[in-house]
Amino acid sequence: MKAEIGENIEIAAEILKMGGLVAVPTETVYGLAANALNNSAVAAIFEAKNRPTFDPLIVHLKSVSEIEKYATINSKKLLKLISHFSPGPITFLLPKKNNIPDLVTSGLDKVALRIPSHPVMNALLTVLDFPLAAPSANPFGYISPTTAKHVLDQLGGKIDYILDGGSCSVGLESTIVGEEENKIVVYRKGGISVEEIEDVMNEKVIVIAHSDSNPAAPGMLKKHYSPNKNIYLENTSINIPFEKTGFLGFSTFHPEVDKKYQFLLSEKADLKEAAQRLFVGLRWLDEQKIDNIIIQLLPEHGLGEAINDRLRRAAAE
Ligand code: TXA
Ligand code: MG
C-alpha cells in the first residue's frame with residue numbers, strides 16, 4: 004500500500020499520536036517523523052529507512068523554550084547560536100535528559116535538537132505534546148528528498164502519510180554544531196554556513212569535515228547522498244564515453260556532454276539557488292538513461308562548502 008500525500012495536519016497528528024510514521028516538510032529536506040518519546044515508534048523509523056541503529060536521530064521541537072525539557076544548555080556559546088539562528092536550518096548537540104530514549108541518540112549522552120522554521124512543520128509540532136524524531140526521509144545512504152513526491156517514490160510503501168509542504172526552501176540538511184573544550188565544532192556543514200557562524204561568534208570554529216571516524220557522530224558516513232550511477236568529480240582524470248554520461252554543473256554547460264543530460268544548479272551562479280536544486284538535480288540525473296555522472300564542484304565558500312561536501316560524498320567510493 005502506498006502512503007497518501009496530503010496537506011492535512013490533523014491526519015498527520017493523529018497518526019503520530021498512535022505511534023505511526025509521517026513524512027514531514029521542513030525548510031531543509033523532508034523528514035521521516037515519529038514520536039521521539041515513544042521507543043517503538045522510533046524503532047519503526049530505523050526499520051523503514053533501513054538505517055543502522057548506531058546512527059542517531061535529530062529531535063525536532065516547536066520552540067527554543069522547549070530545549071530545556073529535553074537537554075541541558077551548559078554552553079554560553081551554543082546559547083548565543085541558538086538565539087541567533089533558531090528557528091532555522093541548524094541542529095545543536097546538547098547533553099540529553101532522561102526522557103529522550105537511548106535509541107534516539109544511539110546510546111550517546113548528547114541529543115541533537117533542532118527547531119525548524121517551516122510553517123507546516125511548526126503547525127504540526129504545535130498541536131502535538133511530544134517532539135518529533137526525524138531523519139531525512141530517504142532510504143539509508145540515498146539522496147535526501149526535497150519534495151513530497153521524492154518521498155512517495157522511495158518510501159511510499161513504508162509510511163502512513165506524507166504531509167505536503169511544497170519544495171524545501173533551503174534544500175540542504177541543517178548544519179550540526181556542538182561545543183568541545185570551549186570551542187564551537189561544526190560536525191556537518193549545512194544550511195547555515197561556517198562563515199555565518201564565525202561572524203556571530205566572532206571567532207574561528209572547528210570543522211570536522213568527514214566525521215565518519217568521529218565517535219561523536221557515527222552516522223556521518225563518507226559515502227552518502229549516493230545516486231546509482233558511476234560518479235566522477237570533474238577535476239579528477241576521467242576516461243569514460245561521453246555519450247553515456249550526464250553532467251551536474253554550477254552555471255555553465257560541459258562542452259562534451261550531450262545537453263539533454265546536463266543539469267545546471269544555478270544559471271545565475273547563485274549558491275542559495277544551487278542548494279535548493281542540488282538533490283533535485285542529482286535525482287533527475289539518476290533517472291536518465293546514462294551510466295555516468297560528472298559532477299562539478301562549486302566555489303568553496305558560504306553554502307558552496309556544504310554543497311561540495313554532499314557532492315564529494317556522492318562521489319566517494
Ligand atoms: O535538516 C536536517 O537536519 C534534516 C531534517 C529532516 O531535519 N534531518 C537530517 O537527519 O538530516 P539525518 O538523520 O539524515 O542526519 C542527522 C545526522 C546524522 O548524521 C547523525 O549521525 C547526526 O545527525 N546525529 C544525530 N544525533 C546525533 C547525536 N546525538 N550525536 C552525534 N550526531 C548525531
Ligand atoms: Mg540523512
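Mapping to the working numbering: the sequence shown position 275 is 278, numbers consecutive.
The beta-carbon is built from N, C-alpha and C at its ideal position, and this holds for glycine as well.
Give me the Cα-Cα distance between residue i and residue j, rounded to the nearest whole angstrom.
| i | j | result |
| --- | --- | --- |
| threonine 255 | tyrosine 145 | 26 Å |
| alanine 37 | glutamate 259 | 46 Å |
| proline 218 | alanine 140 | Because proline 218 sits at a pLDDT of 39, beneath the cut-off of 50, its placement in the model cannot be relied upon, and the point is left open. |
| histidine 121 | glutamate 176 | 13 Å |
| leucine 314 | glycine 34 | 20 Å |
| serine 214 | valine 189 | Note on serine 214: pLDDT 49, under 50, position unreliable in the model; the coordinate value appears next. Spanning the two alpha carbons is a distance of roughly 10 Å. |
| phenylalanine 133 | lysine 192 | 28 Å |
| glutamate 199 | glycine 305 | 8 Å |
| glutamate 10 | glycine 169 | 10 Å |
| asparagine 101 | asparagine 42 | 13 Å |
| leucine 267 | histidine 257 | 10 Å |
| lysine 152 | asparagine 185 | 43 Å |
| serine 89 | histidine 63 | 12 Å |
| glutamate 303 | glutamate 17 | 44 Å |
| glutamate 276 | glutamine 265 | 17 Å |
Roughly how far, in whole angstroms, is the beta-carbon of residue i from the beta-carbon of residue j, given that I think they are within contact range, below 8 Å?
| i | j | result |
| --- | --- | --- |
| isoleucine 179 | alanine 278 | Contact flag wrong, Cβ pair sits at about 16 Å. |
| alanine 39 | glycine 22 | Contact flag wrong, Cβ pair sits at about 12 Å. |
| valine 283 | leucine 166 | With a Cβ gap of about 19 Å, valine 283 and leucine 166 do not count as contacting. |
| alanine 137 | isoleucine 12 | That belief does not hold up - the Cβ atoms of alanine 137 and isoleucine 12 are roughly 15 Å apart, past 8 Å. |
| lysine 52 | proline 142 | 6 Å |
| leucine 135 | valine 67 | Leucine 135 to valine 67, Cβ: 16 Å. No contact. |
Would a C-beta distance cut-off of 7 Å place residue i and residue j closer than the cut-off?
| i | j | result |
| --- | --- | --- |
| glycine 159 | lysine 20 | no |
| isoleucine 195 | isoleucine 118 | no |
| alanine 318 | isoleucine 234 | yes |
| leucine 281 | glycine 307 | no |
| glutamine 299 | glycine 249 | no |
| glutamate 201 | valine 208 | yes |
| threonine 31 | valine 173 | yes |
| isoleucine 310 | leucine 155 | no |
| aspartate 294 | lysine 247 | yes |
| lysine 80 | isoleucine 187 | yes |
Closest by CA to residue i, which one among the options?
| i | options | result |
| --- | --- | --- |
| lysine 99 | Val107, Pro92, Arg313 | Val107 |
| aspartate 324 | His63, Glu206, Leu288 | What is shown of the chain runs 4 to 320, which leaves residue 324 out entirely. |
| isoleucine 162 | Leu300, Ala47, Glu303 | Ala47 |
| glycine 252 | Glu246, Arg313, Glu237 | Glu237 |
| proline 104 | Tyr73, Lys271, Glu50, Lys79 | Tyr73 |
Sorted by chain position, which residues of the same chain lie with C-beta nearer than 7 Å to residue i's C-beta, five sequence neighbours on each side aside?
| i | result |
| --- | --- |
| proline 230 | Ile146, Leu285, Leu288, Asp289, Ile296, Ala317 |
| proline 1 | This structure cannot settle anything about residue 1, because the visible part of the chain is limited to 4 through 320. |
| isoleucine 14 | Tyr164 |
| threonine 150 | Ser170 |
Who are the near neighbours of residue i in its chain, counting only those whose CB is closer than 8 Å to its CB and skipping five residues on each side?
| i | result |
| --- | --- |
| serine 216 | For serine 216, the predicted model reports a pLDDT of 38, less than 50, meaning its position is unreliable; a value from the coordinates is still stated below. Around serine 216: no qualifying Cβ. |
| isoleucine 76 | Ile70, Leu82, Ile85, Leu97 |
| lysine 321 | Given a span of 4 to 320 for the chain in the structure shown, any question on residue 321 remains unanswerable. |
| glutamate 270 | Ser254 |
By Cβ distance below 6 Å, which residues in the same chain neighbour residue i in space, the five residues on each side in sequence not counted?
| i | result |
| --- | --- |
| leucine 96 | Lys113, Ala115, Gly181 |
| threonine 29 | Pro119, His121, Met124 |
| leucine 128 | Lys65 |
| isoleucine 61 | Thr94, Ala115, Arg117 |
Would residue i count as contacting chain B if we go by Cβ distances under 7 Å?
| i | result |
| --- | --- |
| lysine 99 | The structure shown contains no chain B; it is built from a single protein chain. |
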